[in-house]
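Read through the structure below, which is laid out as structure tokens, and then see the notes.
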Amino acid sequence: MVEEEAKSLPMELSEKGGVENNGFVQNEAFDDKETDTSSREEMPKPCTVDVDPVAEEEAVLKPYAGMPKEVLLKFSSQARYRVTREILFWLIIAAAAALVCATIAIIALSPKCLDWWQAGPIYQIYPRSFKDSNMDGNGDLKGIQEKLDHVTYLNIKTIWITSFFKSPLKDLGYGAEDFYAVDPIFGSMSDFENLISAIHDRGLKVIMDLIPNHTSDKHRWFQLSRNRTGKYTDYYIWQDCMEDAGAVVPPNNWVSVFGNSSWQFDDVRKQCYFHQFGKEQPDLNFRSPDVQQEIHDIIKFWLNKGIDGFSFSTLKFLLEATHLRDEPQVNKSQNGETITAYSQLYHDYTTTQVGMHDIVRSFRQTMNEFSREPGRYRFMGSGDDEKEDIEATMMYYGTTFIQEADFPLNFNLMNMKNLSGNSIFEAVDLWMKNMPVGKWPNWAAGSPNAARISSRIGKEYVNVMNMLLLTLPGTPVTYYGEEIGMENSASENVSEEHVNSDPVVTFPEKSPMQWDGKANAGFTEGNSSWLPVNSNYESVNVEIQRSWSNSTLNLYRELTRLRNDELPMNRGWMCYIWSDSNVFVYVRELDGLDRTFMMVLNFGQESTIDLKAIVPNLPSEAVIRLSTNFSNAGKTVSTELIKTEVGEGLVLEYKTAKPVHTMKAFQGKCFVAEKACYSMALNLLYMNC
Numbered sequence: 001m002v003e004e005e006a007k008s009l010p011m012e013l014s015e016k017g018g019v020e021n022n023g024f025v026q027n028e029a030f031d032d033k034e035t036d037t038s039s040r041e042e043m044p045k046p047c048t049v050d051v052d053p054v055a056e057e058e059a060v061l062k063p064y065a066g067m068p069k070e071v072l073l074k075f076s077s078q079a080r081y082r083v084t085r086e087i088l089f090w091l092i093i094a095a096a097a098a099l100v101c102a103t104i105a106i107i108a109l110s111p112k113c114l115d116w117w118q119a120g121p122i123y124q125i126y127p128r129s130f131k132d133s134n135m136d137g138n139g140d141l142k143g144i145q146e147k148l149d150h151v152t153y154l155n156i157k158t159i160w161i162t163s164f165f166k167s168p169l170k171d172l173g174y175g176a177e178d179f180y181a182v183d184p185i186f187g188s189m190s191d192f193e194n195l196i197s198a199i200h201d202r203g204l205k206v207i208m209d210l211i212p213n214h215t216s217d218k219h220r221w222f223q224l225s226r227n228r229t230g231k232y233t234d235y236y237i238w239q240d241c242m243e244d245a246g247a248v249v250p251p252n253n254w255v256s257v258f259g260n261s262s263w264q265f266d267d268v269r270k271q272c273y274f275h276q277f278g279k280e281q282p283d284l285n286f287r288s289p290d291v292q293q294e295i296h297d298i299i300k301f302w303l304n305k306g307i308d309g310f311s312f313s314t315l316k317f318l319l320e321a322t323h324l325r326d327e328p329q330v331n332k333s334q335n336g337e338t339i340t341a342y343s344q345l346y347h348d349y350t351t352t353q354v355g356m357h358d359i360v361r362s363f364r365q366t367m368n369e370f371s372r373e374p375g376r377y378r379f380m381g382s383g384d385d386e387k388e389d390i391e392a393t394m395m396y397y398g399t400t401f402i403q404e405a406d407f408p409l410n411f412n413l414m415n416m417k418n419l420s421g422n423s424i425f426e427a428v429d430l431w432m433k434n435m436p437v438g439k440w441p442n443w444a445a446g447s448p449n450a451a452r453i454s455s456r457i458g459k460e461y462v463n464v465m466n467m468l469l470l471t472l473p474g475t476p477v478t479y480y481g482e483e484i485g486m487e488n489s490a491s492e493n494v495s496e497e498h499v500n501s502d503p504v505v506t507f508p509e510k511s512p513m514q515w516d517g518k519a520n521a522g523f524t525e526g527n528s529s530w531l532p533v534n535s536n537y538e539s540v541n542v543e544i545q546r547s548w549s550n551s552t553l554n555l556y557r558e559l560t561r562l563r564n565d566e567l568p569m570n571r572g573w574m575c576y577i578w579s580d581s582n583v584f585v586y587v588r589e590l591d592g593l594d595r596t597f598m599m600v601l602n603f604g605q606e607s608t609i610d611l612k613a614i615v616p617n618l619p620s621e622a623v624i625r626l627s628t629n630f631s632n633a634g635k636t637v638s639t640e641l642i643k644t645e646v647g648e649g650l651v652l653e654y655k656t657a658k659p660v661h662t663m664k665a666f667q668g669k670c671f672v673a674e675k676a677c678y679s680m681a682l683n684l685l686y687m688n689c
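Note that UniProt numbering gives residue 347 to position 347 of the sequence shown, counting from 1, and the numbers run on in steps of one.
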């Protein structure tokens, strides 16, 4: 009876809502095995406790850490928890939406970042004259690699290496014998690959020359063409020539750039081939699809090697008229048989023919195939000097919808016939007012084919010309040596032995880079250089100018630093303020930024100018941020009395709430490329201001 009553108690406890606590069972399996029926009978009898169901429910229904799902669900439906949860949920959703919207707005309003070819100067290197690494007297690719520290010292990010293809060097390498090989005089393909790696390791970019119009007459294609071998038969432009009393009579009156007939008789093929330049440089036939494909393959080869871009030259010569008519004479009364100079004809049938720009666009399309990788945009420049025909030059930019070159090279500052504040203004304005909307300008004052600045316009104007280049909007191009004011070498010292079997000509603007005051200016450790070093190398060299605070080199470096650090110099407005026979004055400013830079550049004689009378809202004082005379930097000057010496340049800085480009008086005198506005509150750039 007692046992039955005891057995019924747990059941009654369960039915009344009691709780049975079995404690912590470490190993049920072990207990089952070790405990038998008899032992269970000897265990103490369980006690039972009557529990009030209401009190039990109140005890259970309190939240506690680690509560099971079933208990948690009972609380989650309560208003005080549900409302809090919903408020937090919608706050998170709203914050996420606001963040997404803000991100989209910033992206939508942010201007396009300047690309690498826009962000700083391009440094042009003529490799044979830059640095000799193997004591043979010729600059080479290893020499460029040795001097990369100099490039970074100048705050320059892009290097342009002129032609180094395998070539007979009859034309200084511009007629390639093999587009896929490095000329041994410059090193090997391995040297080139090492140079590319070293350049990229320093965060620099590199572009190279490509001249597709012609090859050397030593090229394999020409040898196959003159023998009428397969598809190569029509790789060049061949025409039958007439014979008159044993002399060859060309098909027409076309004249080469270097003078005399542009047709040359070939004894092997018994026909004349066409050459726009020297007779050793036969023109390719770009009406042949096979020739066009060859050039595309060459482009791809070097892009795969790691080149970041090309500067294409001689593009206007790619096609010639097929009718072969005589070109019109400049002087119609001149006897046609006496015409030998290129300037005596209008070149209507041998330059810029219909279809030429289609070929250029196809080059761009091939390069675009390699620009899809983020951060690896491939630059394309064109280097044809159209001189007086500015509209023809601007066509190389392409159109709004069809891109060609990122920019055609600007030779305006090299083509000036005289130097003055007005002539500088005219050269700058000619480019800016003709440049298509949304395109990017560029400026150069030196090249391998032009006299150096100091020799062309005078040593006293070297610093102010560098100041002009580095403060104008767009990309400046600096020819090696201009950063230290190198001069042309004396032409009478150049002889045939110096140019290693090249024709007896002079290359005064290609003299070796002057690195220090040691023998051969540190260009080579050999006994001689391919061209003689300028005799002034002991006083004009990199080493000595690095130690002079007021040197041309250090001014150049300060200007590149200013350009990199100040937003108005990167992508702001440029407005013409004044020009006369002595000075050229302009400002650089950015929407939303109250800081303005005004350049006062003297290209004539000593001058004094009242700028406040020209710009009414101009502050009465400005600070000289940089000067060609370093001792003036930091001084405060009156804008009513700005005095400049011969060849002096000033970068003035002042603050204003009324930018020049917003003034009615200066409408039509202001230009901007890659427009951007600055928010001082958010410290960011945006568009649509």
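Glycine included, C-beta positions come from ideal geometry on N, C-alpha and C. All values reported here derive from a predicted model rather than from experimental measurement.
Secondary structure of D266 (DSSP, three-state): strand. D308 has its alpha-carbon roughly 10 Å from the corresponding atom of W116.
In the pairwise beta carbon analysis, the region 456-472 is classified as not touching the region 99-118: fewer than three pairs are separated by under 8 Å. About 7 Å separates the Cβ atoms of Y678 and D591, confirming a contact at the 8 Å cut-off.
The criterion of a C-beta distance shorter than 8 Å is satisfied by K669 and C575. When secondary structure is reduced to three states using DSSP, Y174 falls in the coil class, being assigned neither helix nor strand. About 42 Å separates the Cβ atoms of A97 and P441, ruling out a contact at the 8 Å cut-off.
With a cutoff of 8 Å on beta-carbon distance, G187 and T524 are scored as not near each other. The DSSP-derived three-state label of R546 is helix. A Cβ-Cβ separation of about 6 Å places H661 in contact with E589 under the 8 Å criterion. Inter-segment contact for the region 337-348 and the region 380-389 is absent: fewer than three beta-carbon pairs are separated by less than 8 Å.
A95 has its alpha-carbon roughly 53 Å from the corresponding atom of G383. With distances taken between CA atoms, K142 lies nearest to A198 out of A198, I614 and A176.
Of the other Cβ atoms in all chains shown, 16 or more fall within 10 Å of the Cβ of L154; this residue is therefore buried. Between M663 and the set V646, E558, T628 and N617, the nearest pair of CA atoms involves N617.
Distance from the CA of K439 to the CA of P473, rounded to the nearest whole angstrom, comes to 11 Å. Of the residues assessed, R376 falls on the exposed side of the cut-off, its CB having fewer than 16 other CB atoms within 10 angstroms. Judged by DSSP in its simplified three-state form, S343 adopts helix.
Looking at the DSSP output, I624 shares a beta bridge with L652. Scanning its chain for C-beta atoms nearer than 6 Å, with the 5 sequence neighbours on each side dropped, one finds no residue around N368. Contact check for Y235 and W254: beta-carbon distance about 19 Å, past the 8 Å limit, so the pair fails to qualify. Assignment of V257 by DSSP, reduced to helix, strand and coil, places it in the coil class. Residue pairing by DSSP places S77 in no beta bridge whatsoever.
Of all C-beta pairs linking the region 294-305 to the region 360-367, three or more are shorter than 8 Å, placing the two stretches in contact.
CA-CA distance, T233 to R226, rounds to 7 Å. Taken through DSSP and simplified to helix, strand or coil, V660 comes out as helix.
Counting of Cβ neighbours within 10 angstroms places D283 among the buried residues, the total reaching 16 or more. Cβ-Cβ separation between M513 and F130: approximately 5 Å, consistent with a contact (criterion under 8 Å).
For the pair R85 and P68, the Cα-to-Cα distance works out to about 19 Å. Non-local C-beta neighbours of Y273 in its own chain, meaning closer than 7 Å and more than five positions away in sequence, comprise Y236, I237, W238, Q264, D266 and P282, ordered along the chain. About 7 Å separates the beta carbons of M414 and A444, which is inside the 8 Å limit, making them a contact pair.
Residue state for D244 is assigned as strand, using DSSP reduced to three classes. The Cβ atoms of F630 and N683 do not sit closer than 8 Å to each other. Under DSSP, E482 takes part in no beta bridge, so it has no partner.
In the three-state scheme derived from DSSP, where H, G and I count as helix and E and B as strand, D565 is classed as helix.
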